[in-house]
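J.: Structure incoming, see below.
Residue numbers (this note's numbering): -4 to 416.
Structural data, given as structure tokens:
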């Protein structure tokens, strides 16, 4: 689509960069939609299916889908003149296998099924931290592979890692619930519409007092955080390249440091604020959200000058406790519903986590495309708004629990787990 001269020279005008950025943002948006729509539908069925037949198959299917996607991308990388729309074909196996939504649903369900109530929060926190850390590490390694080996090396490495993950899950993950005795019954259960209806009924049914409202507020808080987390991904690299003339390696380093800082911040928050100071869950959520709000203001107000690129590292320090926002929300949510409803509730949450990046990417991409020349940091104001709503949500629960500490205790069995960890 773009002239070969533009692709091989560094002497590109700002107007040309804006046009390329606009196309890249739009393409990333379309690809996200292609992958996510089917993921939401498939995960609604997989959630109920896993309650009967176990979590191992829903965990392996997405790995197989991502592996097929990587293999298709390897093939496409050897066809440089192929129209970019053909890359959307590689999104089909990811969507049909459940993709990210199925991975989230099955991973959290599996951890819950093999851990005790005492250790479950620790394991969920560790899993979410490693999950979060994997993306920046992959970005850093991928940038180096791209520099040395081009797209071929990146996609070959991706296929190899997905294959290793699939084989590890196939041979080493033990799931006592896994039961596939009758293939026809198994397939029938996979597409049981009544089970999907039951999931929605569980989420929206009337409950004692204001418990239904509290559950919906916490689900909304998780979705808003996912939106503010993944929404800027499509335009953040375009932002730092336009503002500070960064290359792929510089951005990869930033992404890696972001992941590391979030994990370190999560550990500090867990040990100091929760274990030592014994702060309440909502208060920890408020503290993590305030850091995000300040970081968004810093990024939005950054000047277009390479000498001011340090503000990106300052924002990392300010939002180092951001990982706790989703962990706290999941923990509070698990304490508001009975044990037998957790699977359906987290299925709905997984669908929201998959849907939000679509909506957020559309909003962020639209804002960045239309403001790149005049106000490149405008997209960060959207993050500011979302994170402000999250902070208000946590503040509401903080005041509520100060008045009634029993809010997060569904029954006497769960009273010992009034903190997230």
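Yeah, the Cβ is synthetic: ideal placement off N, Cα and C, and Gly gets one too.
1) Excluding the five sequence neighbours on either side, which residues of its own chain have a C-beta within less than 8 Å of the C-beta of residue 398, listed in chain order?
2) Apart from the five residues just before and just after residue 308, which ones in its own chain have a Cβ nearer than 8 Å to its Cβ?
3) Nearest CA to the CA of residue 239: which residue from 203, 303, 200, 254?
4) Which of the three DSSP states, helix, strand or coil, is assigned to residue 168?
5) Inspect the beta-carbon positions of residue 342 and residue 52 and report whether they are closer than 8 Å.
6) Check whether the Cβ atoms of residue 319 and residue 264 sit closer than 8 Å, and answer yes or no.
7) Tell me the DSSP secondary structure of residue 272 in three-state form.
8) Return the chain-ordered list of same chain residues with a C-beta closer than 6 Å to the C-beta of residue 98, the five sequence neighbours on each side being excluded.
9) Can you tell me whether residue 125 is buried or exposed, with buried defined as 16 or more other CB within 10 angstroms of its CB?
10) Once the 5 residues before and after residue 282 are set aside, which same chain residues still bring their CB inside 6 Å of it?
11) Could you tell me how far apart the beta carbons of residue 49 and residue 170 are, in whole angstroms, since I believe they sit closer than 8 Å?
12) Where do the N-terminal and C-terminal ends of the alpha helix (DSSP H) with residue 209 fall, by residue?
13) Smallest Cα separation from residue 200: which of 30, 339, 44?
14) Would you call the stretch 283 to 291 and the stretch 225 to 238 in contact, with 3 or more CB pairs under 8 Å?
15) Three Cβ pairs or more, each shorter than 8 Å: is that satisfied between the stretch 58 to 73 and the stretch 137 to 157?
16) Under the assumption that residue 161 contacts residue 55 (Cβ atoms under 8 Å), give the Cβ distance between them as a whole number of angstroms.
17) Using only alpha-carbon positions, find the residue among 165, 207, 61, 208 that is nearest to residue 155.
18) Less than 8 Å between C-beta atoms, sequence neighbours within five positions excluded: which residues of the same chain meet that for residue 349?
19) For residue 15, name the three-state secondary structure that DSSP assigns.
20) Between the C-alpha atoms of residue 228 and residue 356, what's the straight-line distance to the nearest angstrom?
21) Am I right that residue 352 and residue 221 are in contact with their C-beta atoms under 8 Å? What's the rounded C-beta distance?
22) Alpha carbon to alpha carbon, how far is residue 225 from residue 330? Give it in angstroms, no decimals.
23) Is the beta carbon of residue 243 less than 8 Å from the beta carbon of residue 141?
24) Assuming contact is defined by CB atoms lying nearer than 8 Å, are residue 375 and residue 295 in contact in what I supplied?
T.: According to the data block:
1) The residue given as residue 398 occupies position 403 in the chain shown. Counting only Cβ-Cβ distances below 8 Å, and skipping sequence neighbours, we find nothing.
2) The residue given as residue 308 occupies position 313 in the chain shown. Excluding positions up to five away in sequence, the list reads 249, 252.
3) Taking the chain shown and counting its residues from 1, one reaches residue 239 at position 244. The candidate whose alpha carbon is nearest that of residue 239 is 303.
4) Translated into positions along the chain shown, residue 168 becomes position 173. Residue state, collapsed to three classes: coil.
5) What you label residue 342 is simply residue 347 of the chain shown in a count that begins at 1. What you label residue 52 is simply residue 57 of the chain shown in a count that begins at 1. It is not a contact, given that the beta carbons lie outside the stated cut-off.
6) Here residue 319 refers to the residue found at position 324 when the chain shown is read from its first residue. Here residue 264 refers to the residue found at position 269 when the chain shown is read from its first residue. Yes; because the gap between Cβ atoms is below 8 Å, this pair is in contact.
7) Position 277 of the chain shown, counting from 1, holds the residue named residue 272. In the structure shown, residue 272 sits in coil (DSSP, three-state: anything other than H, G, I, E or B).
8) Numbered from its first residue, the chain shown carries residue 98 at position 103. Excluding sequence neighbours, residue 98 sits near 57.
9) As a working note, residue 125 is residue 130 in the chain shown. The residue is exposed, with fewer than 16 neighbouring Cβ atoms inside 10 Å.
10) Residue 282 sits at position 287 when you count from the first residue of the chain shown. Excluding sequence neighbours, residue 282 sits near nothing in its chain.
11) What you label residue 49 is simply residue 54 of the chain shown in a count that begins at 1. What you label residue 170 is simply residue 175 of the chain shown in a count that begins at 1. Between residue 170 and residue 49 the Cβ distance is about 4 Å, and since that is below 8 Å, they are a contact.
12) Within the chain shown, numbered from 1, the residue matching residue 209 stands at position 214. Its alpha helix (DSSP H) spans residues 206 to 225.
13) Along the chain shown, read from residue 1 onward, the residue named residue 200 stands at position 205. When each option's Cα is compared against that of residue 200, the closest is 339.
14) Output reads no: the stretch 225 to 238 does not touch the stretch 283 to 291.
15) The stretch 58 to 73 makes contact with the stretch 137 to 157; the number of CB pairs closer than 8 Å reaches 3 or more.
16) For this step, residue 161 is matched to residue 166 along the chain shown. For this step, residue 55 is matched to residue 60 along the chain shown. Confirmed, about 6 Å.
17) As a working mapping, residue 155 is identified with position 160 in the chain shown. That would be 61, whose Cα lies nearest to the Cα of residue 155.
18) The residue labelled residue 349 in the question sits at position 354 within the chain shown. So the qualifying residues of the chain are 31, 34, 35, 38, 94, 95, 96, 99.
19) Taking the first residue of the chain shown as position 1, residue 15 is located at position 20. Collapsing the DSSP output to three states places residue 15 in a helix.
20) By one-based count along the chain shown, residue 228 stands at place 233. By one-based count along the chain shown, residue 356 stands at place 361. Roughly 8 Å between the two C-alpha positions.
21) Taking the first residue of the chain shown as position 1, residue 352 is located at position 357. Taking the first residue of the chain shown as position 1, residue 221 is located at position 226. Residue 221 and residue 352 do touch by the CB rule: their CB atoms are close to 7 Å apart, below 8 Å.
22) Here residue 330 is taken as the residue at index 335 of the chain shown, counted from 1. Here residue 225 is taken as the residue at index 230 of the chain shown, counted from 1. Those two C-alpha atoms are separated by around 26 Å.
23) As a first step, residue 243 must be located in the chain shown, where it is residue number 248. As a first step, residue 141 must be located in the chain shown, where it is residue number 146. It is a contact, given that the beta carbons lie within the stated cut-off.
24) Translated into the one-based positions of the chain shown, residue 375 becomes position 380. Translated into the one-based positions of the chain shown, residue 295 becomes position 300. It is a contact, given that the beta carbons lie within the stated cut-off.
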